[in-house]
Amino acid sequence: MFKKEKDKSITPITEASSPTGTLYKNLHHHGPAFESELMAYRIYFDKKQTVDVYGKYHKQLELARSLWYPTDEQLAEGFGDDILRVSGSTGVGTLKGWNGKKAIHIEPVDNREARIIASGPLRTVVDMNSYGWLYNGKKIDLKSRYILYAGHRDAEVYNTFTGDTDSLIFCTGVQKIKDCEMDQNGKDRVAVWGTDFPVNDTIKYGKQTLGLAVDLRKAKCIKPAEDKANYLYLVEPDNNNQINYRITVCSHKETFGYHNSKDFFKYVRIWASRPCNLLEINY
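This is the structure:
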């Protein structure tokens with residue numbers, strides 16, 4: 012995570028917080044970012060808290076050099092880059108509120124905080140916390156922890172609430188990529204495969220093809236849902252006041268991954284059927 016300075020330099024930091032709830036323009040790549048050799052993720056430091064993704068051609072660590080925005084020279088070397096335009100969606104596995112018709116952002120809050128807890132070599136751990144979130148008439152705290160292990164493309168997501176969440180319903184899922192194919196079991200898994208431009212500059216940057224998926228077996232799912240931007244599941248906190256699950260992503264550009272919806276969906280079904288031993292998170 013990097014703070015933008017007035018002289019346009021950037022300073023590495025491990026913690027950031029804001030009572031306004033947003034440091035989107037004050038942080039390089041708009042929030043904390045983390046990676047394994049296979050995939051990189053970032054989380055927007057604003058009301059969206061959306062999980063965005065960076066795909067790779069080769070199995071390697073890149074963010075220390077590319078800082079999420081590779082130069083033309085780095086792209087020529089075989090670096091990856093941003094592969095998804097998340098806009099106001101859930102991206103992949105972002106927890107959101109639910110207003111009965113669509114996913115809603117995490118606002119207003121008394122304070123928002125990002126923390127880099129661990130940065131390798133075995134794993135990276137990033138917290139994105141919202142304090143005093145006024146949601147459906149109740150003030151609650153939401154601590155979202157993301158864990159990505161070396162050698163993995165999939166990440167674990169632990170959402171822990173403090174406060175009265177009785178009767179509160181949330182949602183998560185995957186965004187609808189343009190002309191995407193979707194696969195779900197109607198119970199606790201959803202995946203998409205599609206192609207679209209990852210940024211607004213459609214002249215310099217070409218379309219990207221990718222797959223997104225969420226495995227919600229460890230979460231308390233209510234039912235599948237859908238809005239204009241997302242394929243979702245409605246979820247509620249479990250007996251520990253948590254909503255925990257896993258996310259995974261694949262980029263078509265990979266020299267080591269999956270290159271069509273059939274193979275990606277097959278991988279997701281296998282991945283989501285294997286034992287899922289998520290950690291017990293206590294604060």
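Here the sequence shown is numbered in this note's numbering, starting from 12 and rising by one per residue.
Glycine residues also receive a C-beta, built at the ideal position from the N, C-alpha and C atoms.
Close-in-space but distant-in-sequence residues of the same chain around residue i (CB under 6 Å, 5 per side omitted)
i: Lys8; result: Lying outside 12 to 294, the shown extent of the chain, residue 8 is not represented and no answer is given.
i: Pro119; result: Leu145
i: Thr61; result: Tyr55, Val97, Gly102 and Thr105
i: Asp199; result: Leu227, Arg228 and Cys232
i: Gly268; result: Cys261
i: Gly89; result: Tyr68 and His69
Buried or exposed (CB count within 10 angstroms, at least 16 for buried), residue i
i: Asp194; result: buried
i: Ser130; result: exposed
i: Ser132; result: In the sequence as displayed, the identity of residue 132 is Pro instead of Ser. Burial call: exposed.
i: Thr101; result: buried
i: Ala51; result: buried
i: Asn271; result: exposed
i: Gln71; result: exposed
i: Glu84; result: exposed
i: Asp226; result: buried
i: Ser178; result: exposed
i: Asp249; result: exposed
i: Pro286; result: exposed
i: Lys58; result: buried
i: Val210; result: exposed
i: Tyr244; result: buried
i: Ser47; result: buried
i: Asp121; result: exposed
i: Thr220; result: buried
Cβ shell of residue i (< 7 Å), same chain only, five flanking positions each side left out
i: Leu266; result: Before going further, note that residue 266 is Thr rather than Leu in the sequence given. Counting only Cβ-Cβ distances below 7 Å, and skipping sequence neighbours, we find Tyr68 and His69.
i: Asp18; result: none
i: Arg280; result: none
i: Lys218; result: Thr206, Asp207 and Phe208
i: Gly111; result: none
Cβ separation of residue i and residue j, assumed to be a contact under 8 Å, to the nearest whole Å
i: Arg123; j: Phe56; result: 7 Å
i: Leu159; j: Thr135; result: 5 Å
i: Glu247; j: Ile180; result: 6 Å
i: Leu86; j: Asp93; result: Wrong, their Cβ atoms sit about 12 Å apart, outside the cutoff.
i: Asn169; j: Val137; result: Reading the sequence as shown, one finds Tyr at residue 169 and not Asn. Wrong, their Cβ atoms sit about 11 Å apart, outside the cutoff.
Residues near residue i by beta carbon distance below 8 Å, same chain, minus five either side
i: Phe13; result: Ile21, Thr22, Pro23, Ile24, Leu38, His39, His40 and Leu78
i: Gly108; result: Ala114, Ile115, His116, Ile117, Tyr146, Asn147, Phe181 and Cys182
i: Glu16; result: Thr22
i: Pro81; result: Glu73, Phe90, Gly91 and Asp92
Check your understanding: If we count Cβ pairs, one from each stretch, closer than 8 Å, do we get three or more for the region 19–33 versus the region 238–246?
Key -> no
* Any chance the region 75–82 sits against the region 140–156, with 3 or more Cβ pairs inside 8 Å? -> no
*Say whether the region 165–176 touches the region 249–263, bearing in mind that this needs 3 or more beta-carbon pairs closer than 8 Å, one atom from each stretch.*
yes
### Query
Per the contact definition of three or more C-beta pairs closer than 8 Å, is the region 270–282 in contact with the region 200–208?
yes
| What residue ranges within the region 41–65 form continuous beta strand (DSSP E) runs of no fewer than 3 residues, ordered along the chain? | 44–46 and 51–54
- Message: Just to confirm the assignment: which complete alpha helix (DSSP H) runs, minimum length 4, are found wholly within the region 264–288?
- Response: 272–282
* Go through the region 65–123 residue by residue and report every complete run of the beta strand (DSSP E) that reaches 3 residues or more, in order. => 107–109
(request) Could I get the ranges of all uninterrupted beta strand (DSSP E) runs contained in the region 160–193, with 3 residues as the minimum, in chain order? (result) 166–173 and 181–186
task: List in chain order: all unbroken alpha helix (DSSP H) runs of 4+ residues lying wholly within the region 205–271.
output: none
Within the region 132–158, ranges of the beta strand (DSSP E) (whole runs, at least 3 residues)
134–146
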